[in-house]
Amino acid sequence: MKKIFEYLRHNTHLFLLLYALIYIPWFCWLEEKVNINSNFHVIHMALDDYIPFCEFFVIPYYLWFIYMAAGIIFIAFTDGKLCWRLGIFLITGMTVFLFISTVYPNGQLLRPDTFARDNIFVHIVQRLYASDTPTNLFPSIHVYNSLAIYFGLAHSQKLQNKKWIKNAALVLTVCIILSTMFLKQHSVFDVLTAFALAAFMYSVCYGSIAVAFERRRQKRIPAGQI
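Right under this line is the structure:
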């Protein structure tokens, strides 16, 4: 037990994982409060009507869960500083999502009533629809968190010479983003708002805002202590 506490003392970024104790209960409460039978604001864009349903995208859609777990675990145990950036990125976005869903109940009516094909992928999608309400949608956490993990992996020093892993992560990220629309889980609006929030948070965690903050921090530290 002493070794565990000592390890955590030197790896305080692991405490970011405790955010799950806030997110999961809050999200579950939202799913109970805002469902297909409750009053909510319908999210829709004209472009949604031009995107066909494609059940095969259920594969990358579910790979999202493995992608999230693998990405977070890898970064958490290989780069503490990067984990803080990833944690701030994820926690900020998910908290914004929770607040929006709380004060602005929203949902969509894009899911098909019938399916043109009958195969195992359609059956999986039907199970998905049965277990996941078409509410609490924007910004899309599937999209936002996928971008967050990709940005984290792209900035990992451990993967500096492993371009194929970064490329694979990029392809998977793109497929996951597309899956949210082709499975009719999200409107294009949800995807665009996720990109907008991710762009801002990228600037905060990795871009110009992060660089400016680091420069100010370095100026405050005496030269001998840097």
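In the working numbering, the protein residues as written are 3 to 228. Glycine is no exception: its CB is placed at the ideal position from the N, C-alpha and C atoms. Quick caveat: nothing in here was measured; it's all calculated off a predicted structure.
Residue i: CB within 7 Å of a non-hydrogen atom of the ligand SAH
{"i": "K165", "result": "Looking at this structure, you won't find the ligand SAH or any other ligand, since it has none at all."}
Distance between beta carbons of residue j and residue i, contact taken as under 8 Å
{"i": "L161", "j": "K168", "result": "6 Å"}
{"i": "F184", "j": "F55", "result": "7 Å"}
Local Cβ density within 10 Å of residue i, reported as buried at 16 or more and exposed below that
{"i": "A198", "result": "exposed"}
{"i": "W66", "result": "buried"}
{"i": "T195", "result": "buried"}
{"i": "N163", "result": "exposed"}
{"i": "S103", "result": "buried"}
{"i": "I26", "result": "exposed"}
{"i": "S158", "result": "buried"}
{"i": "F140", "result": "buried"}
{"i": "E57", "result": "buried"}
{"i": "L172", "result": "exposed"}
{"i": "Y69", "result": "buried"}
Rounded separation between residue i and residue j - CA only
{"i": "H46", "j": "I126", "result": "24 Å"}
{"i": "N138", "j": "V44", "result": "10 Å"}
{"i": "D51", "j": "G95", "result": "27 Å"}
{"i": "G82", "j": "L180", "result": "31 Å"}
{"i": "C85", "j": "I143", "result": "19 Å"}
{"i": "N147", "j": "A71", "result": "11 Å"}
{"i": "H231", "j": "A132", "result": "Past the edges of the chain, shown from 3 to 228, lies residue 231, and the structure says nothing about it."}
{"i": "V206", "j": "L92", "result": "12 Å"}
{"i": "L20", "j": "A118", "result": "43 Å"}
{"i": "F42", "j": "L88", "result": "32 Å"}
{"i": "F79", "j": "V124", "result": "37 Å"}
{"i": "K165", "j": "Y204", "result": "21 Å"}
{"i": "L23", "j": "W31", "result": "13 Å"}
Closer than 8 Å to chain D by CB, residue i
{"i": "N39", "result": "The structure shown contains no chain D; it is built from a single protein chain."}
Simplified DSSP state of residue i, which is helix, strand or coil
{"i": "G95", "result": "helix"}
{"i": "G89", "result": "helix"}
Would you mind listing the alpha helix (DSSP H) stretches within the region 130-182 that are 4+ residues and don't spill past its ends, in chain order? As far as the region 130-182 is concerned, its whole alpha helix (DSSP H) runs of at least 4 residues are 143-156.
Where in the region 6-84 do unbroken runs of the beta strand (DSSP E), each at least 3 residues long, occur, reported from the N-terminal end onward? For the region 6-84, not a single whole beta strand (DSSP E) run of length 3 or above is found.
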